[in-house]
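Peer 1: Listed in order, the protein sequences are those of chains G and U.
Position 247, counted from 1, in the first sequence is what the numbering used here calls 247; the numbers after and before it change by one each time, with no gaps.
Position 146, counted from 1, in the second sequence is what the numbering used here calls 1146; the numbers after and before it change by one each time, with no gaps.
Backbone N, C-alpha and C fix where the C-beta goes; we use that ideal spot for every residue, glycine too.
Protein chains: 2
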Amino acid sequence: MAKIPDKIQTWQMVQPTTKNKETGEVTPGKLEKKEIAVPELAPDDVLVEVAGCGVCHTDLGYFYDGVPTVSKPPLTLGHEISGTVVAGDEKWIGKEVIIPAVMPCRKCILCKTGRGNRCLDQKMPGNSLGLYGGFSSHIPVPSIDLCEVKDRAGIPLSHFAVIADAATTPYQAAVRADLKPGDNVVVIGITGGVGQYVGQITKALGAKTVIGIARNKEKLERALKFGTDFCINSTDKDARAISTEFRSYCKEKGLPNTGWKIFEVTGTKTGQEIALTLLGFVGKLIVVGFGLAKTEYAIGRLMAFDADIIGTWGCLPEYYPIVLDMALNGKINMEEFVETRPMSTIAETFAEAHKVPPMKRIVLEPDF
Amino acid sequence: MAKIPDKIQTWQMVQPTTKNKETGEVTPGKLEKKEIAVPELAPDDVLVEVAGCGVCHTDLGYFYDGVPTVSKPPLTLGHEISGTVVAGDEKWIGKEVIIPAVMPCRKCILCKTGRGNRCLDQKMPGNSLGLYGGFSSHIPVPSIDLCEVKDRAGIPLSHFAVIADAATTPYQAAVRADLKPGDNVVVIGITGGVGQYVGQITKALGAKTVIGIARNKEKLERALKFGTDFCINSTDKDARAISTEFRSYCKEKGLPNTGWKIFEVTGTKTGQEIALTLLGFVGKLIVVGFGLAKTEYAIGRLMAFDADIIGTWGCLPEYYPIVLDMALNGKINMEEFVETRPMSTIAETFAEAHKVPPMKRIVLEPDF
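So this is what it looks like as structure tokens:
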């Protein structure tokens, strides 16, 4: 039985990387090990002893790229968290859980009408949950939306951290896409932490065809082992060349030229231009990746195509148990896509992941 | 009882307006009165004696603006048609009907899966139905998707022509928008033939608020009498100014800033820019108007907003009886939005409507 700690040990982002607008001088961000008080828990809160916290592209955005957190620094980053409940709400004590990356308020009209994933009062650890985040020994969170891991079949609890975001965001995207068995799917950015789960999950949900588009050869080859039927390496190719390769594959396999569901996970202008070029009659483009770049498009084409562009944000906590089951039943693979490291490597790990996207999702395990 | 004619009398577009690309010289289009043979009817076809055919912006596009028809000229334009069946399939003879503007093939995968409105083999009178169109005494069409007008409650049959396109396209748009009672709606281009029905139909389907945006003062005032709650005159205003006016109205009325359904009916870059500016959290932008202009937009915002852009094309024939009922039950008004003229005025009417969009939908009645 885990113990209730006196203090929370944590890796705080004391200061993000900043760039002087006038001189261009970069001041490196700072991560520091700190000890903070265990807060008084509200009746519906629990304290979770962290087993692992995934390093997400979003964390790197906060630390390196000027993306602002809702709670101002110092705060602890990290929102892909699994762990064990050690204090608070009695009925949860001792349970192993995944903490949803975004926790809806459950009180507003969006929450009441099934759109809680986009609740405007939602809390996200490592962003809008005060100073608390996953790169810690413990974290206080509301219990209402915890996802219990009942029988983890010998898989280390820390691995389940990736369910919170990397694997659930794709599930929500598939729901938003109204994905049906027999659907044909394209995933742009299939080699990324989220992208590869878009491929795995759409296939697991019954997609007939999954075509992956990205640049990393090694990761594209891995995708072919996990549900992707065909890959297009987009290195040095423009949208038109990719479209030609896509159409040629469709012709070869007798696939239709209507109704494709295209998931754009990169958030880049290049990725979006490929997506818009591939979008056709009765198609859907699902925008999973975030970026601020503006893209030119004749929106009138959507009318002629009877086609949609669908933005998708986060994942409803009620879908977490479904994705967890998919992982436990082997419908999606976690093991080949997770690497664990001691949490004390956080600074090097951030630097490394910011430089080159890692082959596997890195989950940091507390070693305070 | 209507007679079976020996010949079909018709106003053919012998030649659309053309412009010499080098000299810029414009050769005016030609409409000519012709007599053509009544074709042999296939077992499932009928011959309809035309009561009226609406003049749509699409017809003017074909005649004046270089939009190509699928069947090459000479052909007769016109796709908003009501009339009486006079020959063919026995069980239809004598019935008063509305002819759907687009008639799905009913054989392909799109037709079989509920997307027949975007069937790629669909036939549209005055465009892809050989040389046949609505500006005629009679027209041969398949019977499978005819909409019977059982009791027209004293309203002239010719008026029902507007159901085929002007009133049904908005209904399909509302279906695509997943319009629900209590929804809040913006209609950009609410003064147009289609736009005003988007306002009427969304209100009839239970929209809490309908805000109309357009430039024509007189038509905006009329919109307020037919379901529109508030109008923004967009003359000389940019998207930002319109957005401010919109937000100020929302604040005054205590309306939410999430979940708005925005219908863009103009197909113009200006209209689209207004629409994209108004689109917010959990919102939907429904693209009803067609245009080729490219618009700049940061598609990543759709992800952050959990919002959609939905293109909508035509209307499934199975929805025609629903819209017909709405007209017959007074839930939407036809009378105030229809003007009839003799079909022999076609050339003047086209010229007039191309110059200034008319206050009412003009329906031409055969007077051969």
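#1: Pick out whichever of U:Val1356, U:Lys1003, U:Asn1127 has its Cα sitting closest to the Cα of Thr1058 of chain U.
#2: Residues in its own chain within less than 6 Å of Glu1148 of chain U by CB, not counting five upstream and five downstream?
#3: Grab me the residues of Gly1314 of chain U's own chain with a C-beta within less than 6 Å of its C-beta, minus the 5 sequence neighbours each way, in chain order.
#4: Relative to the alpha-carbon of Asp1183 of chain U, which residue among U:Thr1191, U:Ala1204, U:Val1194 has its alpha-carbon at the smallest distance?
#5: For the region 1264 to 1306 of chain U, which segments carrying the beta strand (DSSP E) assignment without a break, of at least 3 residues, lie completely within its bounds, in sequence order?
#6: For the region 301 to 314 of chain G, list every residue whose C-beta sits within 7 Å of some C-beta in chain U, in sequence order.
#7: Just grab the DSSP bridge partners of Trp1011 of chain U for me.
#8: Could you tell me the alpha carbon to alpha carbon distance between Ser1137 of chain U and Gly1193 of chain U, rounded to whole angstroms?
#9: Answer yes if the region 1324 to 1331 of chain U comes into contact with the region 1341 to 1356 of chain U, meaning at least three C-beta pairs across the two stretches below 8 Å, and no otherwise.
#10: For Ala293 of chain G, which residues in chain U fall below 9 Å Cβ to Cβ?
#11: Do you know how far the Cα of Arg247 of chain G is from the Cα of Asp1163 of chain U?
#12: When you compare only the Cα positions, how much space is there between Ile1144 of chain U and Thr1113 of chain U?
#13: Is it right to say Ile4 of chain G is buried, meaning 16 or more other beta carbons lie within 10 angstroms of its own, or is it exposed?
#14: If Thr1076 of chain U sits next to Gly1133 of chain U, beta carbons under 8 Å apart, how far is it from one beta carbon to the other, in whole angstroms?
#15: Evaluate contact between the region 253 to 268 of chain G and the region 171 to 188 of chain G, counting only Cβ atoms and requiring at least three cross-stretch pairs below 8 Å.
#16: Out of U:Asp1151, U:Ala1239, U:Thr1202, U:Ala1207, which one is the CA nearest neighbour of Ala1214 of chain U?
#17: Name the chain G residues whose beta carbon is nearer than 7 Å to that of Pro1100 of chain U?
#18: First and last residue of the alpha helix (DSSP H) that includes Glu1348 of chain U?
#19: Return the residue from the list U:Glu1022, U:Ala1051, U:Gly1088, U:Pro1074 that minimises the CA-CA distance to Val969 of chain U.
#20: How do the region 276 to 289 of chain G and the region 214 to 230 of chain G stand: do at least 3 beta-carbon pairs fall below 8 Å, yes or no?
#21: Using a Cβ-Cβ distance under 7 Å, would Val1067 of chain U count as near chain G?
#22: Relative to the alpha-carbon of Glu1383 of chain U, which residue among U:Gly1078, U:Glu1040, U:Asp1308 has its alpha-carbon at the smallest distance?
#23: Here's a check: name, in chain order, each residue in its chain whose Cβ is nearer than 6 Å to the Cβ of Leu285 of chain G, leaving out the five neighbours to either side.
#24: Name, going along the chain, the residues of the region 1124 to 1145 of chain U whose beta-carbon falls closer than 9 Å to a beta-carbon of chain G.
#25: When you compare each of G:Ile93, G:Glu90, G:Ala207, G:Gly130 to Val70 of chain G by their alpha carbons, which one comes out closest?
#26: Within a Cβ cutoff of 6 Å, which residues of the same chain sit near His159 of chain G, ignoring the five residues on either side of it in sequence?
#27: Using beta-carbon positions only, say whether Pro1140 of chain U and Asp1045 of chain U come within less than 7 Å of one another.
#28: For the beta strand (DSSP E) that Thr1258 of chain U lies in, which residues bound it at each end?
#29: Got a sec: is the Cβ-Cβ distance from Gln1172 of chain U to anything in chain G below 7 Å?
#30: Could you give the uninterrupted runs of the alpha helix (DSSP H) lying entirely in the region 200 to 252 of chain G, keeping only those of 4 residues or more?
#31: If I'm right that Gly1054 of chain U touches Asp1165 of chain U with Cβ under 8 Å, what's the distance once you round it to whole angstroms?
#32: Going along the chain, which residues of its own chain have a beta-carbon closer than 7 Å to the beta-carbon of Glu1273 of chain U, five neighbours each way excluded?
#33: Give the residues of chain G in contact with Asn1117 of chain U, contact being defined as C-beta atoms less than 8 Å apart.
#34: Closer than 9 Å by beta-carbon distance: list the chain A residues that pair up with Ile262 of chain G, in chain order.
#35: Run through the region 106 to 144 of chain G for me and flag every whole beta strand (DSSP E) of 3 or more residues, listed as ranges in chain order.
#36: Along chain G, which residues have their Cβ under 7 Å away from the Cβ of Gln1272 of chain U?
Peer 2: Taking the coordinates as given:
#1: U:Asn1127
#2: Lys1095, Val1097
#3: Val1102, Asn1117
#4: U:Ala1204
#5: 1284 to 1287, 1295 to 1297
#6: Leu302, Met303, Ala304, Phe305, Asp306, Ala307, Asp308, Ile309, Ile310, Gly311, Thr312, Trp313
#7: U:Lys1033
#8: 24 Å
#9: no
#10: Ala1298, Ile1299, Gly1300
#11: For the sequence presented, residue 1163 of chain U should be read as Ile rather than Asp. Cα to Cα, the separation comes out at about 39 Å.
#12: 17 Å
#13: exposed
#14: 3 Å
#15: yes
#16: U:Ala1239
#17: Correct list: empty, because the minimum Cβ distance to chain G is about 16 Å.
#18: 1346 to 1355
#19: Given that chain U is displayed from residue 1001 to residue 1368, the structure contains no residue 969 of chain U and the question cannot be resolved.
#20: no
#21: no
#22: An answer regarding residue 1383 of chain U cannot be provided, because it is not within the stretch 1001 to 1368 covered by chain U.
#23: Ile262, Ala275, Leu279, Ile309
#24: none
#25: G:Gly130
#26: Met334, Val338
#27: yes
#28: That residue, Thr1258 of chain U, is in no beta strand (DSSP E); it is neither H nor E in DSSP.
#29: no
#30: 217 to 225
#31: 7 Å
#32: Ala1239, Thr1295
#33: Asp306
#34: Among the protein chains in the structure shown, which are G and U, there is no chain A.
#35: 138 to 142
#36: Ile299
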